[in-house]
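A quick write-up on the structure given underneath.
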Amino acid sequence: MAFEEFVAATPTALLGESGKVFYAGRAAFSAPSDIYILGLNPGGDPADPGECSVQDNIRFVSTKAPDLWSAYQDEAWKRWAPGDAPLQQRLQHLFHDLADLRTVPSSNLIFVRSRRETGLGAGAKELEDLCWPFHETVLRRLSTKVIVCLGDSAGRRVRRRIGAIAEVDRFVEQNERKWTSRTHRSPTGMAVVTLTHPGVADWTTSAADPSALLRRGLRGECGSFRIAATDLVGPASRQREQSGR
13 MAFEEFVAAT PTALLGESGK VFYAGRAAFS APSDIYILGL NPGGDPADPG
63 ECSVQDNIRF VSTKAPDLWS AYQDEAWKRW APGDAPLQQR LQHLFHDLAD
113 LRTVPSSNLI FVRSRRETGL GAGAKELEDL CWPFHETVLR RLSTKVIVCL
163 GDSAGRRVRR RIGAIAEVDR FVEQNERKWT SRTHRSPTGM AVVTLTHPGV
213 ADWTTSAADP SALLRRGLRG ECGSFRIAAT DLVGPASRQR EQSGR
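Note that the sequence shown covers residues 13 to 257 in this note's numbering.
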C-alpha cells in the first residue's frame, strides 16, 4: 500500500482547519501493522497561528519528515525537548518492549484541534463522520488487529464504530482512584484497547501502567478477567480526553 492512499482519504473539507492527521511517518503507513493508535483529537489552541493546519501536517509528513518518524518521539511540544513531554514519555514507555513507535501508525479519531473535548461542540459527531472513512482505510489496508485508544472518549466512539461490544479484559489502577483500562472485541475479532488518557495518567508508574493489558490484547488473551453484572453500566472512567498535541 502507498502512503499517498491515506493522504487521498483525508477529507478535503478539513485541510484548512487547525489540526493533524499523521502522528507517524510514511513508513508506519506503508506496511501492515497489528496496532493502530488513536487519540480523540489534537490538543492546543486552534486560534494559535503557530499551530499547524491539517494540510501543513500532511505536507510535513509527505515531504520533510523522515520515513521513520513519530510525533510521540520526534516532535518538540511546548517547552519540552523532542520526545520529552510527559504524554510522549508515557507512550514511549508503553511501547518500549513492543514496537518502535516510528513504525506504528498513529492518528486521531477527529483531525480538528481543540483545547478540550468540549471545544468540539455540537459538531463533534459530524467531524467524526468526516474522518472515519480515513480510519476505515487504515484498518483495512494495514490489516489492523488492535486499536489502541487514548482515553475513554476515543475508545467509546471507536467501539461503537466497529461493534466492539464484548468486554474481554481490564486493568484497574492500583491506587485510590482505580481508573480502569479495558479491552473490547468486535465480532470480527478486532480488539479495541481503551487506555486511561496519558495526558492525566502516568503510565510510567507501576500502579497506573496498562502495558500488560495491551500485551494480552495483542496475544488475544484475557488474563484472569471476569466481568460482574454491576460493571455492565456506565463509562470506564470520567477523565476529560485529549490526545495532547
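Ideal Cβ placement from N, Cα and C applies to all residues, glycine included. In this text the structure is predicted, and so the values were computed from the model without any measurement.
Which partner residues of residue i appear in the DSSP bridge assignment?
| i | result |
| --- | --- |
| F18 | F18 pairs with nothing; no bridge assigned. |
| R194 | R182, T206 |
| A36 | S82 |
| N120 | G51 |
| C161 | L50, T206 |
Please name the residue, chosen from the options, that lies closest to residue i on a Cα-to-Cα basis.
| i | options | result |
| --- | --- | --- |
| V158 | E233, A14, G62, K90 | E233 |
| K32 | V212, Q100, S165, C143 | C143 |
| A25 | E138, I174, A213 | E138 |
| Q186 | V205, A213, A59, E179 | A213 |
| L80 | I122, T200, F34, N120 | F34 |
| V160 | T216, T149, L103, A83 | L103 |
| S65 | R125, S74, I47 | R125 |
| P222 | L106, L27, R128 | L106 |
| I174 | D181, E188, H196, G133 | H196 |
| T208 | A219, T200, S198 | A219 |
| D112 | S42, P44, Q85, W215 | Q85 |
| A178 | G131, R194, E188, D60 | R194 |
| T200 | L162, G211, W191, T156 | T156 |
| E16 | E148, R71, S82 | R71 |
| N279 | R91, F18, P210, D109 | This structure does not reach residue 279, given that the chain is present from 13 up to 257, and the question cannot be answered. |
| G211 | T22, E188, R128, R172 | R128 |
| A59 | G131, W89, I122, L99 | G131 |
Kindly indicate which three-state DSSP category residue i falls into: helix, strand or coil?
| i | result |
| --- | --- |
| A248 | With a pLDDT of only 42 at A248, under 50, the local geometry of the prediction cannot be trusted, and the value read off the model is given with reservation. DSSP places A248 in coil when its eight states are reduced to three. |
| A134 | helix |
| C143 | helix |
| G229 | helix |
| I174 | helix |
| S255 | Interpretation of S255 is limited by its pLDDT of 46, a score under 50 that renders its predicted location unreliable; the figure taken from the coordinates is listed afterwards. Here S255 sits in coil by DSSP. |
| G211 | coil |
| E29 | coil |
| T24 | helix |
| L103 | helix |
| T149 | helix |
| E129 | helix |
| S155 | coil |
| T115 | helix |
| G167 | helix |
Residue i CB to nearest chain D CB: under 7 Å?
| i | result |
| --- | --- |
| R38 | The chain labelled as chain D is not found in the depicted structure, where only one protein chain is given. |
### Task
Enumerate, from N- to C-terminal direction, the unbroken beta strand (DSSP E) stretches of 3 or more residues contained entirely within the region 41-97.
47-51
### Message
With three or more beta-carbon pairs closer than 8 Å as the criterion, would you say the region 214-233 touches the region 193-206?
### Response
yes
### Task
Specify whether the region 160-179 and the region 50-60 touch according to this definition: at least 3 beta carbon pairs, one from each stretch, less than 8 Å apart.
yes
### Task
Check whether the region 35-43 touches the region 69-80, counting contact only when three or more Cβ pairs, one atom from each stretch, lie closer than 8 Å.
yes
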